[in-house]
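Final position of the sequence shown in the numbering used here is 404; the numbers increase by one with none missing.
All C-beta atoms, glycine included, are put in the ideal place defined by N, C-alpha and C.
If you're wondering where the values come from, they're calculated on a predicted model, not measured in any experiment.
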Amino acid sequence: MSVSEITLINDGDKLTKKFIQYWEIEEYCEIYNQSNLASFVGLVVKKNKVLYSFPKHYEASFDDLGTMEKILNLIELSRTSIGSFDKGTNEEFPIKAYLSIASYYRRYGLFVSKTSKLVDGYGGKIDWKRTLNRSNKVITKEGIIFFPFKIKKSYDINVFLSDCMEYILDDADNYKNYIPNILNYKIKTKNRIFENLDLVLKELNRIKTSYFKDQEKNLIQGIIDYINWKSIANNTVKLLTLNFENYWENMINIYLNIKFQKYDNDSNRIIWGENVNLKFQKPPEMYVESEYIRNKYLNEKHYKIRFDHYSRDDDNIYLFDSKYFSGDINELNYKQVFYHYYLKKEFEKINIVNGLLLPTSKEYYIKTHIDRTDLDGVKIIEHYINLKRVLNCMFENKRLLKIN
Numbered sequence: 001m002s003v004s005e006i007t008l009i010n011d012g013d014k015l016t017k018k019f020i021q022y023w024e025i026e027e028y029c030e031i032y033n034q035s036n037l038a039s040f041v042g043l044v045v046k047k048n049k050v051l052y053s054f055p056k057h058y059e060a061s062f063d064d065l066g067t068m069e070k071i072l073n074l075i076e077l078s079r080t081s082i083g084s085f086d087k088g089t090n091e092e093f094p095i096k097a098y099l100s101i102a103s104y105y106r107r108y109g110l111f112v113s114k115t116s117k118l119v120d121g122y123g124g125k126i127d128w129k130r131t132l133n134r135s136n137k138v139i140t141k142e143g144i145i146f147f148p149f150k151i152k153k154s155y156d157i158n159v160f161l162s163d164c165m166e167y168i169l170d171d172a173d174n175y176k177n178y179i180p181n182i183l184n185y186k187i188k189t190k191n192r193i194f195e196n197l198d199l200v201l202k203e204l205n206r207i208k209t210s211y212f213k214d215q216e217k218n219l220i221q222g223i224i225d226y227i228n229w230k231s232i233a234n235n236t237v238k239l240l241t242l243n244f245e246n247y248w249e250n251m252i253n254i255y256l257n258i259k260f261q262k263y264d265n266d267s268n269r270i271i272w273g274e275n276v277n278l279k280f281q282k283p284p285e286m287y288v289e290s291e292y293i294r295n296k297y298l299n300e301k302h303y304k305i306r307f308d309h310y311s312r313d314d315d316n317i318y319l320f321d322s323k324y325f326s327g328d329i330n331e332l333n334y335k336q337v338f339y340h341y342y343l344k345k346e347f348e349k350i351n352i353v354n355g356l357l358l359p360t361s362k363e364y365y366i367k368t369h370i371d372r373t374d375l376d377g378v379k380i381i382e383h384y385i386n387l388k389r390v391l392n393c394m395f396e397n398k399r400l401l402k403i404n
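#1: Taking PRO231 as part of the beta strand (DSSP E), name the residues at either end of that continuous run.
#2: Could you tell me which of SER322, TYR364, ASP374 and ASN392 sits nearest to TYR384, measuring between CA atoms?
#3: CB-CB under 8 Å to TRP23, same chain, minus the five flanking residues each way: which ones, in chain order?
#4: Taking the alpha-carbon of ASN333 as reference, which of THR368, SER361, LYS345 and THR360 has the nearest alpha-carbon?
#5: In the DSSP output, which residue or residues are listed as bridge partners for GLU245?
#6: Using 10 angstroms around the beta-carbon of HIS340, count the other beta-carbons present and answer buried if the total reaches 16, otherwise exposed.
#7: Rounded C-beta distance between ARG79 and LYS96? I'm assuming under 8 Å.
#8: Counting along the chain, where does the beta strand (DSSP E) carrying ILE9 start and finish?
#9: Per DSSP, what kind of secondary structure is THR236 in: helix, strand or coil?
#10: Is the number of C-beta pairs between the segment 51–69 and the segment 217–227 that are closer than 8 Å three or more?
#11: Just to check my reading of the structure: PHE19 and LYS238 have Cβ atoms closer than 8 Å, yes? What is that Cβ distance to the nearest angstrom?
#12: Assuming HIS302 is part of the alpha helix (DSSP H), what are its boundary residues?
#13: Can you give the Cα-Cα distance for ILE366 and ARG269, rounded to whole angstroms?
#14: What does DSSP give as the partner residues of LEU51 in its beta bridges?
#15: Work out the CA separation of ASN191 and ASN392 for me, nearest whole Å.
#16: Flag this pair as yes or no: are the beta carbons of ILE182 and ALA172 separated by less than 8 Å?
#17: Can the beta-carbon of GLU382 be found closer than 8 Å to that of LEU401?
#18: Buried or exposed: where does MET394 fall if 16 or more other Cβ atoms within 10 Å of its Cβ makes it buried?
#19: In whole angstroms, what is the alpha-carbon distance linking SER231 and THR16?
#20: Exposed or buried, which one is LEU375 when buried takes at least 16 other CB atoms within 10 Å?
#21: Do THR241 and GLU41 have their beta-carbon atoms positioned less than 8 Å apart in this structure?
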């Protein structure tokens, strides 16, 4: 499928109703201040036209589609592990189902299940036990002659499942120019049974209980999930996420643990290099009120806080919050200010490095979010970190990735 038109937008962009209706993305937009806003990151394909939605704060360009390919790979990685759709529907391309089928094909080829039966004959593998018990016997001077022999012949069965695999591999091939990790696979003659996908699903559900090996069950379930999607899908194919903030939080934590070398308090900049000493983590939740207050008011609601990215050494506490939504930056981040006061109460003499971490298409730069150093010491810096570098670091260390 060749591309005739590519459209670029950003998550959070204002969109016209006509645009939303054309791309069939109503469920993936939100209304804010009477404006229709894109609320997703990823890919939409309609016929031979493609819509890419880049993350917020990222200046999308046609020269940077490689970054989008990495993002789609990241979404695939998440879908493969958790296997769910953000909207809880089957609108999105069933990447987990497809990859289970493609993985089976790479390892075993098309599905083949062997069976065997006995036939009369004189060529092939002789089943001597059944030949002795069932064949006619003729006694001669040379001994006993058995005729005919019982020959064990093997047959391949379940061509239906092979046809299903071929149908899916061929269908997904249409999207290989947009969706990463799609195999090249084309068939010359298509089986007409796939003109009635409801009938195919009915047969798949009938036979699936006949298989007991894990690889067979996983294959059949993947086939069912894909064909179920295909049976209700229209001409629009989606691979996207509504929760890119979760991806960003997890990726940036990996980046800090790999690349955070030190912090320059004079310039308020992070020095990127090799992290050899600090372990950034999301610590357990902590109560805001003291134990005395919680015990005094047992029946009242008590609040907890939890830092995004936290670490410390002998001289500093590093308190970073991964930020993605524009509103969190355009307005004072009261939560991060409170975190500073909370930690200062606990650790009076330690320096608190407080910052917000945001994606950008540019090289690393900073902005001052708030500076109250002349009043109470609170200073929060916005750190804009190159998304492409974070993605590359994540894929080099993807074993560390955990997306909820």
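Let me spell this out:
#1: The question names Pro, but residue 231 is Ser in the sequence shown. Per DSSP, SER231 lies in no beta strand (DSSP E) segment; the continuous alpha helix (DSSP H) that holds it begins and ends at 214–232.
#2: Ranking SER322, TYR364, ASP374 and ASN392 by Cα distance to TYR384 puts TYR364 first.
#3: Answer for TRP23: VAL44, LYS46, LEU51 and THR236, listed in chain order.
#4: ASN333 has its Cα closest to that of THR368, out of THR368, SER361, LYS345 and THR360.
#5: Among the bridge pairs identified by DSSP, GLU245 is matched with none.
#6: That one is buried.
#7: Confirmed, Cβ separation roughly 5 Å.
#8: Unbroken beta strand (DSSP E) run through ILE9: 5–10.
#9: Of the three classes helix, strand and coil, the one that applies to THR236 here is strand, per DSSP.
#10: Cβ pair count under 8 Å is below three, so no.
#11: About 15 Å separates the Cβ atoms of PHE19 and LYS238, ruling out a contact at the 8 Å cut-off.
#12: Note, HIS302: premise wrong, no alpha helix (DSSP H); not H, not E.
#13: When only Cα atoms are considered, ILE366 and ARG269 end up about 7 Å apart.
#14: BP columns for LEU51 point to THR7 and VAL44.
#15: Between ASN392 and ASN191, the C-alpha separation is close to 42 Å.
#16: In this structure, ILE182 sits near ALA172, with a CB-CB distance shorter than 8 Å.
#17: No Cβ-Cβ contact shorter than 8 Å links GLU382 with LEU401.
#18: Taking all protein chains shown into account, MET394 has 16 or more neighbouring C-beta atoms within 10 Å of its C-beta and is therefore buried.
#19: Distance between the alpha carbons of SER231 and THR16 is about 30 Å.
#20: Classification for LEU375: exposed.
#21: The amino acid occupying residue 41 in the given sequence is Val; Glu does not appear at that position. For VAL41 and THR241, yes; Cβs fall inside 8 Å.
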